[in-house]
Each structure stands twice: as C-alpha cells, then as structure tokens.
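In what follows, a structure is listed as structure tokens, so that the remarks can point back to it.
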Amino acid sequence: MSIEIKIIIGVVFFTLFIVGLERYQLSENIIDQFIESKKSKNKLLIDTISPIISLNMSLGLSEANSEYLDLIIKQNKDLKTIEITDAETSTIFKYPKDVKSVSKAQIFSTVDTMNSCSRPIIDDITKQVIGYIYLEFYNNDYDLVLSKNSETTLKIFLVTFVLLTLYTFLIKKEFKNLRELTKSVLEYDPKINNFTLTKTKRLDEVGIIHNAIITMVSKINSYATILDKTNLLLEEKVEQRTKELQDANEKLEKLATIDPLTQVYNRRYFEKHINKIWEMSKRTNTTVSIIMCDIDHFKNFNDIYGHITGDHVLQSVAAAIKDSLKRVTDVVARYGGEEFIIVMYDTDMEGALQRCEEIQNRLKQLDTIIVNDTNVPPITLSFGVSSTIPMMVERYELLIKAADIALYHAKEKGRNCIVTNKL
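Take 356 as the starting number for the sequence shown in the numbering used here and just add one per residue.
This is how it looks when you write it as structure tokens:
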C-alpha cells in the first residue's frame with residue numbers, strides 16, 4: 356500500500372475524529388440551548404402569571420387566584436411546586452399543599468435557574484411589593500436530553516478513538532521523517548534561523564514534502580530579513596510622524612489659547628482657568644482676586660500715533676503684566692481691545708493691590724516709545740480690583756462684574772489709579 360493511500364485513509368480517519376469532536380460540541384450546544392430554552396419558558400410563565408396574581412391579590416380575589424393557578428398547573432406538567440406568599444412571606448397558596456415551604460432565600464432570589472424562578476408581586480397602582488411567587492420545575496426533560504446526548508457522544512468518541520489508534524499504528528513507521536520535520540518546523544524561529552534539516556534524496560511523497568518545507572523555510576528567512584528592515588524603517592517613520600503630530604498639536608493648542616498679538620492668554624482660556632480656580636478655592640476656602648486693567652486713553656493714542664504703535668504698546672503692557680505675576684496659578688489674559696484681566700488664587704485684596712503697584716512700577720520703567728521723532732507720552736493703566744471667598748459668592752461672574760465696576764470708577768476718578776470693590 357502506497358503512502359498516498361495511507362494518507363488518504365488517515366485523512367478519512369482524522370475526519371471521523373473531527374466529526375466526533377464536532378458531535379460532542381454540538382451535544383454541549385444542544386444542552387446549553389435546552390437550558391436557555393427552559394429558563395426562557397420558566398421566565399415567560401412567571402412573567403405571564405405575576406400580573407394576574409397581583410391584580411387578584413389587590414382586589415382580594417383569593418378564590419380566583421386558586422382557580423387560575425389550578426389551570427396553570429394542569430397546563431404545565433413540568434411544574435413541581437408553586438408557592439405564593441404575602442409581603443411578610445406568609446404562605447397564602449402552595450402546591451402541593453403538603454410540600455415543605457421554600458426558604459426566604461429562594462423567595463427573594465433574583466437569579467432564574469432551569470429548575471426554579473421567583474418574582475416579587477407588584478401592585479400596579481401603588482407600585483409596592485404585596486407578595487412573592489416562587490415556581491419550581493421537574494428535571495425529567497433535561498435528564499433525558501443529557502442522557503441521550505452523553506450516550507451518543509460517548510459512542511462516537513469511542514469509535515473515533517479506535518479508528519485513530521489504527522491510523523496511528525499504520526503510518527507510524529512511514530512518517531518517522533515527517534515527525535522529525537514537524538518538530539523542526541514547530542521549533543523553527545526565523546529570528547535565529549534554527550532550522551537544521553537538509554534536503555533528502557527520497558523521491559516519495561514524504562521526500563517531496565520534506566524538500567518543499569526546506570525550500571519554504573529558506574524563503575521565509577529571506578522574507579523575514581526584508582520584513583525586519585521594513586519594520587525598522589516603519590518604526591522610525593512612525594516615531595518621526597508622532598513627533599511631528601505632537602509638535603503640530605502643541606502649536607494648535609497654543610493658537611487656541613494664546614492671543615496672537617500680545618502673547619498672553621485669550622479670553623477663551625481665561626474662562627476655563629477661572630472656573631478651575633473658583634472650584635479649587637471653594638474646596639480650600641481661600642480668597643480669589645480679580646484685577647481688571649485698561650490702558651488709559653488708548654483710542655486717542657491709536658488715532659494720534661497709529662495702530663502699529665498701538666500694537667507695540669499693547670505688547671509692552673502685556674509683557675509688563677505677565678512679568679509681574681510670580682505663580683503659575685496667577686494668569687493674565689487679554690479681555691478686550693485694550694483691556695486685560697488677571698485672576699489670582701489664594702490672594703486677598705492687599706496682595707492684589709501690591710500686584711497692581713508692581714505693574715505700575717514696571718510701566719514706569721518701560722523704554723520710551725518714539726514715533727516719527729516724537730516721544731510717546733508715558734503709558735498708564737486704570738485698575739479695578741475685587742476679592743472674595745467663593746463660599747460667600749454664588750458665581751465667579753459676580754466677582755468679575757465687581758472688578759469691572761471698580762474699573763469704571765477708576766476711569767471716572769481720572770484714570771491712572773486703583774479702585775477696589777470687595778464682595
């Protein structure tokens with residue numbers, strides 16, 4: 356008998372073995388489906404009768420309940436036990452009557468099984484629990500299905516095992532080389548190229564397979580080398596693209612939060628930041644201060660000296676304010692055209708006033724701005740300051756409004772001054 360015929364016979368036997376395993380899995384699936392079907396049937400039954408029981412109990416129709424349950428028992432031969440209790444778990448109906456009452460754990464159980472299920476009985480009007488219903492079922496159908504499936508599966512498994520044993524004995528000698536080849540293939544690792552077998556001179560089917568695998572391994576080694584180089588290049592490109600993407604994201608984030616002219620935060624970022632500061636101050640019961648400042652006579656300044664010089668002034672003022680802030684929680688933002696706003700965490704009115712004075716001093720130290728050989732007048736700011744403890748004020752918008760009112764009064768007083776408005 357040729358090796359080809361032996362392989363064909365082996366394939367047939369192996370197929371029978373696979374069929375046996377499939378039959379076993381099918382049996383398990385059948386059992387699982389039966390269990391789920393039984394659970395679904397039980398659930399449908401209890402969910403169907405619960406509303407009717409609830410209605411009869413609410414109306415005090417105990418006899419109607421008994422008649423209805425007797426009908427249910429006749430229609431469902433697999434019902435073993437029915438027990439209905441009131442809200443205090445006192446039994447008001449039981450079938451069979453002489454059976455021992457179920458435990459509270461069974462009544463209160465929320466997990467349906469193949470053998471039992473329970474539900475609270477809910478009054479449709481008051482939505483209150485007025486009792487409990489417990490159903491228990493026989494296992495006869497399940498035992499029958501389990502027995503037949505197990506018997507069939509065992510027979511198929513035994514037959515398949517016998518055929519597989521015969522098949523193994525038949526080709527053991529002829530396939531010694533294939534076993535060695537299989538072992539080498541399983542242990543083969545392209546990274547270390549540990550395939551040690553060489554080509555054989557055999558001309559039968561085993562020799563052909565042997566040499567074909569060796570040729571395939573040689574190609575795999577070649578492709579693995581190319582793949583390693585490709586992966587290395589790909590990793591480098593991914594790393595480069597990732598860095599480019601991170602840089603682009605940082606630039607986008609900066610554009611979204613930074614005022615392009617003054618290079619301080621914009622109003623959008625300020626709204627997010629003050630919300631965080633406000634919540635943090637609520638938790639720590641600390642003071643928050645707001646400083647609103649406006650460049651004095653800036654509109655006239657623009658009209659006289661031009662917008663380019665005005666932009667330079669805005670940049671200089673923004674830099675002076677930013678340099679005066681010492682903590683990362685203290686943030687300045689451009690709030691309007693020539694208006695800036697500062698939020699300061701854990702800073703009282705006195706600390707805010709000191710910061711205003713420092714900003715004034717920095718403005719005095721600015722280099723003189725010259726336009727068309729003409730010295731630009733000194734730059735001054737009007738300040739509105741407000742402080743509060745967030746626990747005492749409902750919203751931070753009220754603190755900003757108080758600072759804005761103080762700034763308005765500072766302008767009324769002649770500008771270049773500081774006005775406070777404590778909440």
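Virtual Cβ for every residue (Gly too), placed ideally from N, Cα, C.
Between residue 683 and residue 698, the CB-CB gap reaches or exceeds 7 Å. In the structure shown, the three-state DSSP call for residue 749 is coil. Every unbroken stretch of the beta strand (DSSP E) spanning 3 or more residues and falling wholly within the region 450-536 is given here in chain order: 471-477 and 484-492. Under the DSSP assignment, residue 558 falls outside any alpha helix (DSSP H); it carries neither an H nor an E label. Per the coordinates, the alpha-carbon of residue 770 lies some 34 Å from the alpha-carbon of residue 635.
By alpha-carbon distance to residue 629, the top candidate from 748, 700 and 416 is 700. Going by DSSP, residue 772 is part of no beta strand (DSSP E) at all; its letter is neither H nor E. Counting along the chain, residue 739 sits inside the beta strand (DSSP E) bounded by residues 736-743. Rounded to the nearest whole angstrom, the CA to CA distance from residue 668 to residue 734 is 8 Å. Distances from the alpha-carbon of residue 732 to those of 656, 739 and 765 put 656 closest. At a Cβ-Cβ threshold of 7 Å, residue 459 and residue 444 count as neighbours. Contact check between the region 706-715 and the region 740-757: three or more CB pairs, one atom from each, fall below 8 Å, which counts as touching. The residue from 374, 371, 448 and 759 with its alpha-carbon nearest to that of residue 419 is 448. In the displayed model, residue 680 falls within coil according to three-state DSSP, outside both helix and strand.
Spanning the alpha carbons of residue 646 and residue 603 requires a straight line of approximately 33 Å. Using a Cβ distance threshold of 7 Å, residue 694 and residue 651 do not count as a contacting pair. The region 464-477 makes no contact with the region 507-516; the number of CB pairs closer than 8 Å stays below 3. Annotation: residue 436 to residue 386 spans about 24 Å, alpha carbon to alpha carbon. Assigned with DSSP and collapsed to three states, residue 672 falls in helix.
Contact between the region 493-503 and the region 364-374 is absent, with fewer than three C-beta pairs closer than 8 Å. At least 7 Å separates the beta-carbon of residue 441 from that of residue 375. Spanning the alpha carbons of residue 562 and residue 588 requires a straight line of approximately 39 Å.
Residue 567 counts as exposed, since fewer than 16 other beta carbons sit within 10 angstroms of its beta carbon. Along the length of the region 388-450, whole beta strand (DSSP E) runs at least 3 residues long occupy 434-441 and 446-450, reported in chain order. Counting C-beta pairs closer than 8 Å gives three or more between the region 400-416 and the region 473-481, which meets the contact rule. For residue 395, the number of other beta carbons within 10 angstroms of its own is below 16, and it is reported as exposed.
Rounded to the nearest angstrom, the Cβ distance from residue 673 to residue 720 is 15 Å, too far for a contact under 8 Å. Annotation for residue 463: 473 and 487 place their beta carbon closer than 8 Å to its own, counting only its chain and skipping 5 residues before and after. By the Cβ-count criterion, residue 774 is buried, with 16 or more other Cβ atoms from all chains shown falling within 10 Å of its own Cβ. In the DSSP secondary-structure assignment, residue 645 is bridged to 698 and 741.
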